[in-house]
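Take a look at the structure below.
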Amino acid sequence: MADNQQNREKPILLRVDGLSKSFGGVHAVVGVSFELRRNELLGIIGPNGSGKTTLVNLITGFLRPDAGRVIYGGRDITGWMPYRIARLGIARTFQMVKPFPALPAFKNLVIPLFSPRVKSLAGGRYGDRDSVAKDLLEDVGFERESSVTYKAAGSLPHGYLKRLELAKCLALRADLIILDELFSGLSIAELAGIVPIIEKLMVEGKTVIMIEHRLRELFRIADRVVVLNFGRAIAEGKPAEVMEKDEVKKAYLGSEEEEG
Amino acid sequence: MQQTMPTAAGAAPARRRKERIDRGIKARSDDVFALTSYREMLYVAIPPAIPVVLLLVLPLILPIYWQKVLLSAAVFAVLAMSWDFLASVGMVSLGQALFFGVGAYVAGILDHYLGLPVWLSIPLGTLFGGLICTVLLLPVLRLRGIYFAMVTLVLPLMFERIIEATGLLGGTEGLTGLTSFPNPWIELYLIGTVVLLTLFGFRRLMTSDYGLVLKGIRDNDRSVMSAGLNIYWYKAQALFIGGAICAFCGAYMTHVQMFVGMPAFALDYSILPIATAVVGGMGTFAGSVLGAFLLVPLSEFLRGVGGWRTVLYALSLVGFIVLLPEGIFHYVRRKYHQFERWVGVEASS
Amino acid sequence: MLEVTIIYGFVNSVILALVALGFGLTFGISGVSNFAYGALYVLAGYVVWIFINKLHIPFVVAACLGVVLTAFLGAVLYRFVLLRVRGLVLSEVIATFGVGLAILELFRCLGFTGFEYTLPVFTDGSILIGNTYIDHQRLWIVGIGVTLAVGLYFFTHHTKLGLAFRGIAQDERTALSLGINSDKIAEISVAFGAGLAALAAIVILPRGLISVNEGYDVLINAMAVCIIGGLGSTVGVVAAAFVIGYAQIISEALVGPHWKMIVSLIAILVILVVKPSGLFGKQKELEERI
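Chains as they are written, first to last, in our numbering: chain A, 1 to 260; chain B, 1001 to 1349; chain C, 2001 to 2290.
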């Protein structure tokens, strides 16, 4: 809390402080620190294997950090179990979309809607999960009266699966949403459909972290970017500024991941 | 092998493929409000009525010997349904004998040492059997993959060894002279009722939202976890439900046989339920019942071949899991709901 | 007393390591948990016995044939059963368990029980170490066990096939893109594991009778060692074998022979609570909290 002067507009929602994790001898994340203000969209970028997903797993509790702290809304959540962190309102998507293939799309949302968080936010009552689920799917662009809501999730096109992942975060009524490579594998047309949903989230006051390889699309919507390389945060700042920095250029140089 | 797929990629020379179409009556009766005739009502009502009627009527008409076979089939049906339930939550048990044996011994102890009556020792055996097994297996619940299978395979054998080694609880002799049921009708109708309750209960449970969460744990545990649900707690609940039902069977058999001993942990109680569920059809519970009522009487016919039975079970298990993993029930259900016809395949346009 | 414990604990540990190496190797390479492992072990014992006693083949030849035949059966098991259910953990477990059970109970049905079912010791006699007599067979076990462990280490680190094995174990998809046929490697790994089971059987079984129940014990021991050492880690297998090996011998000496198995069980449960990935487990997946 030393930088109170800088705290001009919005309160800090998430603070990551010196987070480290290694597997065997491999240092996946080394002393990463950053802050995230409420209603900010932070991009986390970096070449393949730079520790982005590990960082997400550390924040969301899927991995226990070797060192460092994660503070969310003033509360130290370091080392908490993932389900407790989720209950606080941190939702995430996974790089690999794995829906429940045999269930209709809207039934996929039953699981997040079953969460104790939803119950307590709804004042102890679950309500009719199926119709809530259908509303949520409409929010992420499933056409209401079309059959796509009722289709088995296993047969949905990739673009819809990504939307379904987003809908799961919405179902949880999360405040902080962490999107792990949401854009990967999407066509330009599909992207054009999904970007407005994220923009709408920002208007609604959510806070978003996006792990992305597709920098051009990310830079259009991100407020700030953190660059990781070999597990270290090598740069931080506004998207345009960050890419001008030498160390960032160096990190991406020779890496084929510069543009998605 | 490829029966579930209506494609005919391999059938090049015949240039035809099998087409499966839902029967009209199936489509109409999918939604309960669309039923328009007795015929359609019967179409919906008959399949679930079959086990009910059979379990109510069979005890009355079967000779004593086959009543015992029925009883044994019913017990294995329940064990298999419990296995199926655990498997659909992602816990592959290779040791239903663990739950069975613990339940059996708890009931035996309550009867032998405390002299509790049957109507107390069975419920308590069920409850504590389920609890003890859940607690024993708690450490494994954190792990994915084959750990659950490994530990459940090890535990019943260990219990056998411990009892043999320490001579506790009657040691190799077991506990004998336990209380029996007041009369054979109670015996038969009790297990019959439990089969039906388990069957319809599980089928109902797994289509409820709670059941979806349980299945979700098997399919994608991380996704369930990130929805703020404590999967260990849910797994423990499922384990308790599945374990308690097996423990009931153990406690029940203790009083039927008026004996409990090391055979309660025998491999039979582990392998037969798996074979039953796999042959019948996994994930349906009805398949488990069907499988039990096919395999157990079959094994009575094969009584003469003695130990070969286990070999036969094991082989049919492997055969089904490799060649017909969907099991008999799925096959029958498909025939009931769909008709098939061969249609010519045109060269792809 | 102490000396006896140390020496016999060492022998017991090597036996456990021998028994577990094959199971661990197969799992480590292809992720296949071969629940028919114990059955293959016993099968090798009976097969060699038949070669020697019924077909009157000299011991060395019979032993080699036994190893080759068992390895071949492992390959068959993979080709005709596992290949079809590959990736479905549930089916893999059930199928291999079913095959193992069928083999073991088949031998029971065929009446392979009795005192005549023993394999010959390699060389007769015993030597004195300090004040403890130790028979030649146990020395053979130690010698072969140590050679095998060291040999396996060199094999997986310095030969082409061994490196391919490790490649598959670490990242199947990358290995595939490098032109390594993962199905072929997996088949070889199951065959290799089966061959190791046979070898272990031929070395260890002369100490006692070949019996069907031995198959279940071997499977349990192998699993116990692999869980404690960390599935997929050869170093872990050896380390865990020594932990359990000594724990068994000590508890046997202090409490009674029946406690051997119970010690393994307790060890499994403790390790699963404290460090689920095992002593030397490198599996990132297990470290991740699902």
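Each residue gets a CB set at the ideal place from its N, CA and C atoms; glycine is no exception.
Practice task
Between the Cα of C/Tyr2153 and those of C/Val2235, C/Ile2271, C/Ser2182 and C/Ile2134, spot the shortest distance and give me the residue it belongs to.
Solution key: Along the third sequence, one-based indexing puts residue 2153 of chain C at 153. The residue among C/Val2235, C/Ile2271, C/Ser2182 and C/Ile2134 with its C-alpha nearest the C-alpha of C/Tyr2153 is C/Val2235.
Practice task
Just the C-alpha distance for B/Tyr1189 and B/Val1195, rounded to the nearest angstrom, thanks.
Solution key: Position 189 of the second sequence holds residue 1189 of chain B. Position 195 of the second sequence holds residue 1195 of chain B. If you take the alpha carbons of B/Tyr1189 and B/Val1195, they lie about 10 Å apart.
Practice task
Measure from the alpha carbon of A/Ser22 to the alpha carbon of each residue in A/Lys98, A/Phe230 and A/Tyr252, then state which is nearest.
Solution key: Stepping through the first sequence from its first residue, residue 22 of chain A is reached at position 22. Considering only alpha carbons, the answer is A/Phe230.
Exercise for the section: Look up B/Trp1342 in the DSSP assignment and say whether it is helix, strand or coil. Expected result: Numbered from its first residue, the second sequence carries residue 1342 of chain B at position 342. Strand, per DSSP.
Problem - Interface flag, A/Leu136 vs chain B, CB-CB below 9 Å - result: As a first step, residue 136 of chain A must be located in the first sequence, where it is residue number 136. No, because no Cβ of chain B sits closer than 9 Å to the Cβ of A/Leu136.
Exercise for the section: Give a yes or no on whether the minimum CB-CB distance between B/Trp1308 and chain C is below 9 Å. Expected result: Locating residue 1308 of chain B in the second sequence gives position 308, where the first residue counts as 1. Among the CB atoms of chain C, one or more fall inside 9 Å of the CB of B/Trp1308.
Practice task
Note down the Cα distance separating B/Val1345 from B/Lys1026, rounded to an integer number of angstroms.
Solution key: Taking the second sequence and counting its residues from 1, the one referred to as residue 1345 of chain B is at position 345. Taking the second sequence and counting its residues from 1, the one referred to as residue 1026 of chain B is at position 26. Rounded to the nearest angstrom, the two C-alpha atoms are 26 Å apart.
Practice task
Could you tell me the distance, in whole angstroms, from the CA atom of A/Leu63 to the CA atom of B/Ala1149?
Solution key: Numbered from its first residue, the first sequence carries residue 63 of chain A at position 63. Numbered from its first residue, the second sequence carries residue 1149 of chain B at position 149. Rounded to whole angstroms, A/Leu63 to B/Ala1149 spans 25 Å at the Cα level.
Practice task
Just grab the DSSP bridge partners of B/Glu1019 for me.
Solution key: Reading the second sequence from its first residue, position 19 is the one you call residue 1019 of chain B. According to DSSP, B/Glu1019 bridges with B/Arg1341.
Practice task
Using the Cα positions of B/Val1089 and B/Trp1083, report the straight-line distance between them to the nearest angstrom.
Solution key: Residue mapping note: residue 1089 of chain B aligns to position 89 of the second sequence, counting from 1. Residue mapping note: residue 1083 of chain B aligns to position 83 of the second sequence, counting from 1. When rounded, the distance between both Cα atoms is 10 Å.
Exercise for the section: Below 9 Å between beta carbons is the criterion; list the residues of the stretch 1132 to 1152 of chain B that meet it against any residue of chain C, in chain order. Expected result: Here the close residues are Leu1136, Leu1138, Pro1139, Val1140, Arg1142, Leu1143, Arg1144, Gly1145, Ile1146, Tyr1147, Ala1149, Met1150 and Val1151.
Problem - Cβ contact check for the stretch 171 to 183 of chain A and the stretch 142 to 154 of chain A: 3 or more pairs under 8 Å - result: Verdict: no, contact absent.
Practice task
Just the chain C side, please: which residues come within less than 7 Å of B/Ala1314 by C-beta, in chain order?
Solution key: Your numbering for residue 1314 of chain B matches position 314 in the second sequence. Gly2098, Leu2101, Ala2102 and Glu2105, listed in chain order.
Practice task
Can you check the stretch 83 to 158 of chain A for any beta strand (DSSP E) of at least 3 residues that lies completely inside it and give the ranges in chain order?
Solution key: Taking 3 residues as the minimum length, the beta strand (DSSP E) runs contained wholly in the stretch 83 to 158 of chain A are 90 to 92, in order along the chain.
Handout entry: Which of helix, strand or coil DSSP assigns to A/Asp76
Key = Numbered from 1 along the first sequence, position 76 holds the residue referred to as residue 76 of chain A. A/Asp76 falls in the strand class under three-state DSSP.
Handout entry: Rounded C-alpha distance that separates A/Ala189 from B/Ser1093
Key = Working through the first sequence from its first residue, we reach residue 189 of chain A at position 189. Working through the second sequence from its first residue, we reach residue 1093 of chain B at position 93. Whole-angstrom Cα-Cα distance: 47 Å.
Handout entry: For A/Met210, the residue or residues it bridges with in DSSP
Key = The sequence position of residue 210 of chain A within the first sequence is 210, counting from 1. Beta-bridge pairing by DSSP links A/Met210 to A/Gly43 and A/Leu179.
Problem - Buried or exposed by the 16-neighbour rule on C-beta atoms within 10 Å, applied to B/Gly1192 - result: The residue given as residue 1192 of chain B occupies position 192 in the second sequence. Buried is the call here.
Practice task
List the residues of chain B that C/His2158 touches, going by C-beta distances under 7 Å, in chain order.
Solution key: Stepping through the third sequence from its first residue, residue 2158 of chain C is reached at position 158. By Cβ distance, chain B contributes nothing, its closest Cβ being about 30 Å from C/His2158, past 7 Å.
Handout entry: Spatial distance of A/Tyr72 from B/Val1044 (CA atoms)
Key = On the first sequence, residue 72 of chain A is found 72 positions in, with the first residue counted as 1. On the second sequence, residue 1044 of chain B is found 44 positions in, with the first residue counted as 1. Cα to Cα, A/Tyr72 sits roughly 53 Å from B/Val1044.
Practice task
Could you pull out every residue in the same chain whose Cβ sits closer than 7 Å to the Cβ of A/Leu136, ignoring the five residues on either side in sequence?
Solution key: Position 136 of the first sequence, counted from the start, is the residue given in the question as residue 136 of chain A. Apart from sequence neighbours up to five positions away, the residues of its chain that approach A/Leu136 with a beta-carbon distance below 7 Å are Leu109, Ala167, Leu170 and Ala171, ordered along the chain.
Handout entry: Outcome for C/Ser2177 when other beta-carbon atoms lying within 10 angstroms are tallied against a minimum of 16
Key = Locating residue 2177 of chain C in the third sequence gives position 177, where the first residue counts as 1. Per the 10 Å Cβ criterion, exposed.
Practice task
Please report the Cβ distance between C/Gly2022 and C/Val2048, rounded to the nearest whole angstrom; I am assuming they are in contact, meaning their Cβ atoms lie under 8 Å.
Solution key: Counting from one through the third sequence, the residue named residue 2022 of chain C turns up at place 22. Counting from one through the third sequence, the residue named residue 2048 of chain C turns up at place 48. In fact, because the Cβ distance is near 16 Å, the residues do not count as touching under 8 Å.
Handout entry: Proximity test, Cβ basis, 9 Å: B/Leu1239 and chain A
Key = Numbered from its first residue, the second sequence carries residue 1239 of chain B at position 239. Taking CB atoms only, B/Leu1239 has no neighbour in chain A less than 9 Å away.
Exercise for the section: Quick one: list the residues of chain C neighbouring B/Arg1333, beta-carbon separation under 7 Å, in chain order. Expected result: Here residue 1333 of chain B is taken as the residue at index 333 of the second sequence, counted from 1. Those do not exist, as B/Arg1333 stays about 21 Å from chain C at its closest Cβ, beyond 7 Å.
Exercise for the section: Return the chain-ordered list of same chain residues with a C-beta closer than 6 Å to the C-beta of A/Glu165, the five sequence neighbours on each side being excluded. Expected result: Here residue 165 of chain A refers to the residue found at position 165 when the first sequence is read from its first residue. Around A/Glu165: Thr93 and Val97.
Exercise for the section: Give me whichever residues DSSP pairs with C/Asp2135 in a beta bridge. Expected result: Looking up residue 2135 of chain C in the third sequence gives position 135. DSSP lists C/Ser2126 as partners of C/Asp2135.
Practice task
Determine, using beta carbons only, whether B/Met1225 comes closer than 9 Å to chain A.
Solution key: Locating residue 1225 of chain B in the second sequence gives position 225, where the first residue counts as 1. Yes, B/Met1225 counts as interfacial toward chain A.
Problem - Run of the alpha helix (DSSP H) containing C/Asn2213, from where it starts to where it stops - result: Taking the first residue of the third sequence as position 1, residue 2213 of chain C is located at position 213. Run containing C/Asn2213: Val2212 to Gly2229, per the alpha helix (DSSP H) assignment.
Practice task
For B/Thr1166, count neighbouring C-beta atoms within 10 Å of its own C-beta (all shown protein chains included) and say buried if the count is 16 or more, exposed if not.
Solution key: On the second sequence, position 166 is the one that residue 1166 of chain B refers to. Flag for B/Thr1166 reads exposed.
Exercise for the section: Report the rounded CA-to-CA distance for C/Val2243 versus C/Ser2013, giving the unit in angstroms. Expected result: As a first step, residue 2243 of chain C must be located in the third sequence, where it is residue number 243. As a first step, residue 2013 of chain C must be located in the third sequence, where it is residue number 13. Rounded to the nearest angstrom, the gap between the Cα atoms of C/Val2243 and C/Ser2013 is 8 Å.
Problem - Min CB distance C/Trp2140 to chain B below 9 Å - result: Residue numbering aside, residue 2140 of chain C sits at position 140 when the third sequence is read from its first letter. So, not an interface residue.
Problem - Rounded Cβ spacing between C/Val2042 and C/Ile2141 (contact assumed at less than 8 Å) - result: The count along the third sequence starts at 1 and reaches residue 2042 of chain C at position 42. The count along the third sequence starts at 1 and reaches residue 2141 of chain C at position 141. About 18 Å separates the Cβ atoms of C/Val2042 and C/Ile2141, ruling out a contact at the 8 Å cut-off.
Problem - Member of C/Pro2257, C/Phe2280 and C/Ile2210 whose CA lies at the smallest distance from the CA of C/Val2238 - result: In the third sequence, residue 2238 of chain C corresponds to position 238, counting from 1. The residue with the shortest Cα to Cα distance from C/Val2238 is C/Phe2280.
Exercise for the section: Report buried or exposed for A/Lys250, applying the criterion of at least 16 other Cβ atoms within 10 angstroms of its Cβ. Expected result: As a position in the first sequence, residue 250 of chain A is number 250, starting the count at 1. By the Cβ-count criterion, A/Lys250 is exposed, with fewer than 16 other Cβ atoms from all chains shown falling within 10 Å of its own Cβ.
Exercise for the section: Please decide whether C/Tyr2216 counts as near chain B, where near means a Cβ-Cβ distance under 9 Å. Expected result: Walking along the third sequence from the start, residue 2216 of chain C turns up at place 216. For C/Tyr2216, the closest Cβ of chain B is nearer than 9 Å.
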